[in-house]
Amino acid sequence: MRGPEAIAERAAGRVRRTRPVGETGRLMVIAADHPGRGVLGVGGDPRAMGDRSDYLARVCAALSRPGVDGVLGTPDVVEDLLLLGVLDGMVVLGSMNRGGLAGSAFETDDRFTGYDAAAVAGSRLDGGKMLLRIDESDPATAPALEACARAVSELAGHGLMAVVEPFCARREDGRLRNVLTPDAMIRAISVASALGTTSARTWLKVPAVPEMDRVMAATTLPALLLGGEVAGDRRAAVEGWRRALGPPNVRGLIAGRSLLYPPDGDVRGAVDAAVEVVDQAVGRL
1 MRGPEAIAER AAGRVRRTRP VGETGRLMVI AADHPGRGVL GVGGDPRAMG DRSDYLARVC
61 AALSRPGVDG VLGTPDVVED LLLLGVLDGM VVLGSMNRGG LAGSAFETDD RFTGYDAAAV
121 AGSRLDGGKM LLRIDESDPA TAPALEACAR AVSELAGHGL MAVVEPFCAR REDGRLRNVL
181 TPDAMIRAIS VASALGTTSA RTWLKVPAVP EMDRVMAATT LPALLLGGEV AGDRRAAVEG
241 WRRALGPPNV RGLIAGRSLL YPPDGDVRGA VDAAVEVVDQ AVGRL
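Counted from 1, the sequence shown has number 129 at position 129 by full-length UniProt numbering; the numbering is strictly sequential.
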(Lines of atoms letter the chains of each structure in order from A and count residues from 1; the text may use other names and numbers.)
(Lines give C-alpha, C1' and ligand atoms only; values in the text may rest on other atoms or scores of the structure.)
Protein backbone atom coordinates (compact mmCIF):
# COMPACT_ATOMS: atom_id res chain seq x y z
CA MET A 1 0.00 0.00 0.00
CA ARG A 2 1.23 3.49 -0.82
CA GLY A 3 0.89 6.13 1.89
CA PRO A 4 0.15 3.95 4.94
CA GLU A 5 0.18 7.10 7.08
CA ALA A 6 -3.20 7.95 5.50
CA ILE A 7 -4.90 5.60 7.97
CA ALA A 8 -3.67 7.50 11.04
CA GLU A 9 -4.50 10.80 9.33
CA ARG A 10 -8.05 9.68 8.62
CA ALA A 11 -8.45 8.41 12.20
CA ALA A 12 -7.18 11.70 13.60
CA GLY A 13 -9.52 13.69 11.37
CA ARG A 14 -12.63 11.54 11.78
CA VAL A 15 -15.63 13.54 12.94
CA ARG A 16 -16.71 11.97 16.21
CA ARG A 17 -20.32 11.61 17.21
CA THR A 18 -21.25 14.65 19.25
CA ARG A 19 -23.57 12.88 21.68
CA PRO A 20 -22.11 10.28 24.06
CA VAL A 21 -22.69 6.61 23.30
CA GLY A 22 -26.05 5.52 24.64
CA GLU A 23 -27.33 9.02 25.38
CA THR A 24 -30.06 8.69 22.76
CA GLY A 25 -31.39 5.65 24.62
CA ARG A 26 -30.76 3.22 21.78
CA LEU A 27 -27.99 1.89 19.57
CA MET A 28 -28.07 0.16 16.19
CA VAL A 29 -24.66 -1.25 15.25
CA ILE A 30 -23.47 -3.22 12.20
CA ALA A 31 -21.10 -6.07 13.13
CA ALA A 32 -18.21 -6.49 10.68
CA ASP A 33 -15.72 -8.62 12.57
CA HIS A 34 -16.65 -12.20 11.64
CA PRO A 35 -13.90 -12.77 9.04
CA GLY A 36 -11.24 -12.07 11.68
CA ARG A 37 -12.17 -15.33 13.41
CA GLY A 38 -12.20 -17.25 10.15
CA VAL A 39 -16.00 -17.12 9.92
CA LEU A 40 -16.70 -16.61 6.22
CA GLY A 41 -19.83 -18.66 5.63
CA VAL A 42 -23.38 -17.39 5.41
CA GLY A 43 -26.32 -19.67 4.70
CA GLY A 44 -25.22 -22.33 2.24
CA ASP A 45 -22.18 -20.43 0.96
CA PRO A 46 -19.07 -21.23 3.02
CA ARG A 47 -17.08 -18.40 1.39
CA ALA A 48 -19.71 -15.64 1.21
CA MET A 49 -17.65 -13.14 3.22
CA GLY A 50 -14.40 -14.03 1.47
CA ASP A 51 -14.68 -11.30 -1.17
CA ARG A 52 -13.51 -8.17 0.66
CA SER A 53 -14.71 -5.66 -1.95
CA ASP A 54 -18.20 -7.14 -1.90
CA TYR A 55 -18.12 -7.33 1.90
CA LEU A 56 -17.14 -3.66 2.25
CA ALA A 57 -19.80 -2.61 -0.23
CA ARG A 58 -22.42 -4.35 1.88
CA VAL A 59 -21.13 -2.75 5.09
CA CYS A 60 -21.13 0.69 3.45
CA ALA A 61 -24.70 0.15 2.24
CA ALA A 62 -25.77 -0.78 5.77
CA LEU A 63 -24.02 2.23 7.33
CA SER A 64 -25.73 4.57 4.89
CA ARG A 65 -29.21 3.78 6.19
CA PRO A 66 -31.02 6.20 8.52
CA GLY A 67 -31.05 5.06 12.13
CA VAL A 68 -27.78 3.11 11.97
CA ASP A 69 -25.47 4.39 14.70
CA GLY A 70 -22.21 2.66 13.98
CA VAL A 71 -20.04 -0.34 13.27
CA LEU A 72 -18.04 -3.01 15.06
CA GLY A 73 -14.94 -4.15 13.21
CA THR A 74 -11.44 -5.57 13.31
CA PRO A 75 -8.59 -3.14 12.59
CA ASP A 76 -8.36 -4.05 8.90
CA VAL A 77 -12.07 -3.48 8.31
CA VAL A 78 -12.22 -0.28 10.37
CA GLU A 79 -9.23 1.08 8.46
CA ASP A 80 -10.80 0.22 5.10
CA LEU A 81 -13.94 2.06 6.19
CA LEU A 82 -11.89 5.04 7.36
CA LEU A 83 -10.21 5.24 3.96
CA LEU A 84 -13.63 4.99 2.29
CA GLY A 85 -14.76 7.97 4.37
CA VAL A 86 -17.93 6.41 5.81
CA LEU A 87 -17.23 6.62 9.57
CA ASP A 88 -17.82 10.31 10.29
CA GLY A 89 -20.44 10.70 13.00
CA MET A 90 -20.52 6.97 13.64
CA VAL A 91 -20.02 5.00 16.85
CA VAL A 92 -16.98 2.83 16.04
CA LEU A 93 -16.20 -0.21 18.20
CA GLY A 94 -12.95 -2.13 17.82
CA SER A 95 -13.05 -5.94 17.94
CA MET A 96 -10.40 -7.13 20.36
CA ASN A 97 -10.05 -10.90 20.86
CA ARG A 98 -10.19 -12.76 17.56
CA GLY A 99 -7.59 -15.45 18.33
CA GLY A 100 -10.05 -18.23 19.19
CA LEU A 101 -10.62 -19.17 15.58
CA ALA A 102 -14.04 -20.65 14.93
CA GLY A 103 -14.01 -24.45 14.95
CA SER A 104 -10.43 -24.71 16.19
CA ALA A 105 -9.21 -26.92 19.03
CA PHE A 106 -8.08 -23.73 20.82
CA GLU A 107 -11.30 -21.75 20.40
CA THR A 108 -11.75 -21.17 24.14
CA ASP A 109 -8.25 -19.67 24.29
CA ASP A 110 -9.56 -16.50 22.69
CA ARG A 111 -6.49 -14.30 22.67
CA PHE A 112 -6.50 -10.58 22.04
CA THR A 113 -5.11 -10.50 18.51
CA GLY A 114 -7.04 -7.43 17.32
CA TYR A 115 -7.36 -4.10 19.07
CA ASP A 116 -6.17 -3.55 22.61
CA ALA A 117 -7.45 -0.71 24.80
CA ALA A 118 -4.52 1.57 23.99
CA ALA A 119 -5.07 1.13 20.25
CA VAL A 120 -8.82 1.73 20.61
CA ALA A 121 -8.05 5.00 22.37
CA GLY A 122 -5.20 5.92 20.02
CA SER A 123 -7.38 5.35 16.96
CA ARG A 124 -10.10 7.59 18.46
CA LEU A 125 -12.65 4.78 18.50
CA ASP A 126 -15.60 4.81 20.88
CA GLY A 127 -15.05 1.48 22.58
CA GLY A 128 -13.94 -2.12 22.31
CA LYS A 129 -15.78 -5.42 22.11
CA MET A 130 -14.71 -8.81 23.41
CA LEU A 131 -16.12 -12.34 23.21
CA LEU A 132 -16.11 -14.46 26.38
CA ARG A 133 -16.73 -18.20 26.16
CA ILE A 134 -17.00 -19.85 29.60
CA ASP A 135 -16.26 -23.58 29.31
CA GLU A 136 -15.80 -24.86 32.83
CA SER A 137 -14.14 -28.04 31.58
CA ASP A 138 -11.42 -26.10 29.72
CA PRO A 139 -8.57 -24.48 31.73
CA ALA A 140 -8.16 -21.95 28.89
CA THR A 141 -11.28 -20.22 30.21
CA ALA A 142 -9.35 -18.76 33.16
CA PRO A 143 -6.85 -16.69 31.12
CA ALA A 144 -9.69 -15.62 28.80
CA LEU A 145 -11.59 -14.30 31.83
CA GLU A 146 -8.49 -12.49 33.05
CA ALA A 147 -7.81 -10.93 29.65
CA CYS A 148 -11.39 -9.70 29.31
CA ALA A 149 -11.34 -8.25 32.83
CA ARG A 150 -8.11 -6.39 32.03
CA ALA A 151 -9.61 -5.02 28.81
CA VAL A 152 -12.74 -3.79 30.62
CA SER A 153 -10.58 -2.00 33.20
CA GLU A 154 -8.25 -0.47 30.62
CA LEU A 155 -11.06 0.73 28.36
CA ALA A 156 -12.79 2.32 31.34
CA GLY A 157 -9.50 3.99 32.23
CA HIS A 158 -9.59 5.67 28.81
CA GLY A 159 -13.24 6.64 29.32
CA LEU A 160 -14.35 4.21 26.62
CA MET A 161 -17.20 1.73 26.27
CA ALA A 162 -16.48 -1.99 26.83
CA VAL A 163 -18.88 -4.43 25.16
CA VAL A 164 -18.67 -7.98 26.54
CA GLU A 165 -20.35 -10.86 24.68
CA PRO A 166 -20.66 -13.72 27.21
CA PHE A 167 -21.70 -17.33 26.70
CA CYS A 168 -21.51 -20.50 28.67
CA ALA A 169 -20.11 -23.09 26.28
CA ARG A 170 -19.29 -26.77 26.07
CA ARG A 171 -17.48 -28.94 23.57
CA GLU A 172 -19.70 -31.36 21.64
CA ASP A 173 -18.43 -33.61 18.85
CA GLY A 174 -15.14 -31.74 18.92
CA ARG A 175 -16.73 -28.30 18.48
CA LEU A 176 -17.30 -25.54 21.02
CA ARG A 177 -21.00 -24.75 21.18
CA ASN A 178 -22.81 -22.00 23.05
CA VAL A 179 -25.39 -23.07 25.61
CA LEU A 180 -28.42 -20.89 24.95
CA THR A 181 -30.69 -21.82 27.84
CA PRO A 182 -31.98 -19.08 30.16
CA ASP A 183 -30.07 -20.41 33.18
CA ALA A 184 -26.81 -20.67 31.21
CA MET A 185 -27.17 -17.10 29.99
CA ILE A 186 -27.96 -15.84 33.50
CA ARG A 187 -24.72 -17.42 34.72
CA ALA A 188 -22.70 -16.00 31.80
CA ILE A 189 -24.19 -12.53 32.21
CA SER A 190 -23.52 -12.57 35.96
CA VAL A 191 -19.85 -13.41 35.39
CA ALA A 192 -19.44 -10.85 32.59
CA SER A 193 -21.05 -8.07 34.61
CA ALA A 194 -18.44 -8.45 37.36
CA LEU A 195 -15.37 -8.26 35.09
CA GLY A 196 -12.85 -5.48 35.61
CA THR A 197 -12.27 -2.84 38.25
CA THR A 198 -15.44 -0.94 37.32
CA SER A 199 -18.62 -1.64 35.38
CA ALA A 200 -19.32 2.05 34.79
CA ARG A 201 -18.70 1.80 31.04
CA THR A 202 -19.59 -1.86 30.44
CA TRP A 203 -22.28 -2.97 28.03
CA LEU A 204 -23.26 -6.55 27.29
CA LYS A 205 -23.98 -8.19 23.94
CA VAL A 206 -26.58 -10.91 24.42
CA PRO A 207 -28.38 -13.42 22.18
CA ALA A 208 -32.14 -13.77 21.96
CA VAL A 209 -33.04 -16.71 24.20
CA PRO A 210 -36.25 -17.85 25.89
CA GLU A 211 -37.39 -15.95 29.00
CA MET A 212 -35.49 -12.76 28.16
CA ASP A 213 -37.13 -10.82 30.98
CA ARG A 214 -35.75 -13.30 33.52
CA VAL A 215 -32.38 -13.47 31.80
CA MET A 216 -31.88 -9.71 31.68
CA ALA A 217 -33.02 -9.33 35.29
CA ALA A 218 -29.61 -10.84 36.16
CA THR A 219 -27.90 -7.50 35.51
CA THR A 220 -28.49 -3.76 35.67
CA LEU A 221 -26.02 -3.14 32.84
CA PRO A 222 -27.23 -1.97 29.41
CA ALA A 223 -27.14 -4.54 26.65
CA LEU A 224 -27.27 -4.87 22.89
CA LEU A 225 -29.15 -7.76 21.34
CA LEU A 226 -27.09 -10.06 19.12
CA GLY A 227 -28.82 -10.34 15.76
CA GLY A 228 -27.38 -13.73 14.77
CA GLU A 229 -27.79 -15.28 11.35
CA VAL A 230 -31.22 -15.34 9.68
CA ALA A 231 -31.58 -18.61 7.81
CA GLY A 232 -35.04 -18.15 6.34
CA ASP A 233 -38.04 -15.93 7.05
CA ARG A 234 -36.82 -12.39 7.79
CA ARG A 235 -40.18 -11.38 9.23
CA ALA A 236 -40.00 -14.18 11.79
CA ALA A 237 -36.48 -13.11 12.75
CA VAL A 238 -37.57 -9.48 13.15
CA GLU A 239 -40.46 -10.55 15.38
CA GLY A 240 -38.01 -12.56 17.48
CA TRP A 241 -35.84 -9.47 17.86
CA ARG A 242 -38.89 -7.43 18.83
CA ARG A 243 -39.72 -9.81 21.66
CA ALA A 244 -36.11 -10.03 22.86
CA LEU A 245 -35.82 -6.22 22.91
CA GLY A 246 -38.56 -6.07 25.53
CA PRO A 247 -36.51 -5.89 28.76
CA PRO A 248 -35.75 -2.25 29.63
CA ASN A 249 -31.96 -2.70 29.78
CA VAL A 250 -31.77 -4.12 26.23
CA ARG A 251 -31.04 -0.88 24.44
CA GLY A 252 -30.51 -1.85 20.83
CA LEU A 253 -29.26 -4.34 18.29
CA ILE A 254 -25.87 -5.36 16.94
CA ALA A 255 -26.11 -7.53 13.83
CA GLY A 256 -23.81 -8.56 11.02
CA ARG A 257 -24.46 -11.51 8.72
CA SER A 258 -28.22 -11.34 9.15
CA LEU A 259 -28.28 -7.82 7.69
CA LEU A 260 -25.31 -7.92 5.32
CA TYR A 261 -26.37 -11.20 3.67
CA PRO A 262 -30.16 -11.41 3.99
CA PRO A 263 -31.86 -14.36 2.26
CA ASP A 264 -33.49 -12.05 -0.31
CA GLY A 265 -30.26 -10.13 -0.98
CA ASP A 266 -31.76 -6.76 -0.03
CA VAL A 267 -29.22 -5.29 2.42
CA ARG A 268 -30.92 -1.90 2.65
CA GLY A 269 -34.33 -3.47 3.25
CA ALA A 270 -32.95 -5.77 5.95
CA VAL A 271 -31.25 -2.88 7.74
CA ASP A 272 -34.33 -0.67 7.51
CA ALA A 273 -36.49 -3.44 9.02
CA ALA A 274 -34.01 -3.84 11.89
CA VAL A 275 -33.92 -0.08 12.53
CA GLU A 276 -37.71 0.01 12.60
CA VAL A 277 -37.98 -2.75 15.19
CA VAL A 278 -35.30 -1.13 17.37
CA ASP A 279 -37.06 2.23 17.24
CA GLN A 280 -40.42 0.65 18.03
CA ALA A 281 -39.14 -1.54 20.85
CA VAL A 282 -36.51 0.71 22.40
CA GLY A 283 -37.51 4.14 21.12
CA ARG A 284 -35.54 7.37 20.93
CA LEU A 285 -35.06 9.54 24.00
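The C-beta atom is built at its ideal place from N, Cα and C for all residues, glycine as well.
Item	Value
Extent of the continuous alpha helix (DSSP H) run through residue 9	5–13
Cβ pair residue 244, residue 225 closer than 8 Å	yes
Segment contact, 8 Å Cβ cut-off, at least three pairs: the segment 115–132 with the segment 3–19	yes
Residues bridged to residue 99 [DSSP beta-bridge criterion]	According to DSSP, which records beta bridges pairwise, residue 99 is partnered with nothing at all.
Nearest candidate by alpha-carbon position, reference residue 267, set 120, 161, 55	55
Cβ-heavy atom distance, residue 194 to the ligand MG, below 7 Å	Looking for the ligand MG in the displayed structure turns up nothing, as the structure carries no ligands at all.
Of the residues 106, 31, 79, 218, the one placed nearest residue 11, counting alpha carbons only	79
Sub-8 Å separation of residue 28 and residue 275 beta-carbons	yes
Selection from 144, 208, 157 that minimises the alpha carbon distance to residue 238	208
Simplified DSSP assignment, three categories, for residue 39	coil
Identified DSSP bridge partners for residue 108	Per DSSP, none; premise fails for residue 108.
Proximity of residue 114 and residue 107 at Cβ, strictly below 8 Å	no
Buried versus exposed, by CB contacts within 10 Å (16 or more), residue 251	buried
Span separating the alpha-carbon of residue 60 from that of residue 272	14 Å
Rounded C-alpha distance that separates residue 212 from residue 222	14 Å
Validate contact between the segment 171–180 and the segment 139–150 using beta carbons, cut 8 Å, 3 pairs	no
Top-ranked residue by Cα proximity to residue 77, from 206, 172, 277, 58	58
Opposing strand residues paired with residue 172 [DSSP bridges]	175
Secondary structure of residue 195, DSSP reduced to three states	coil
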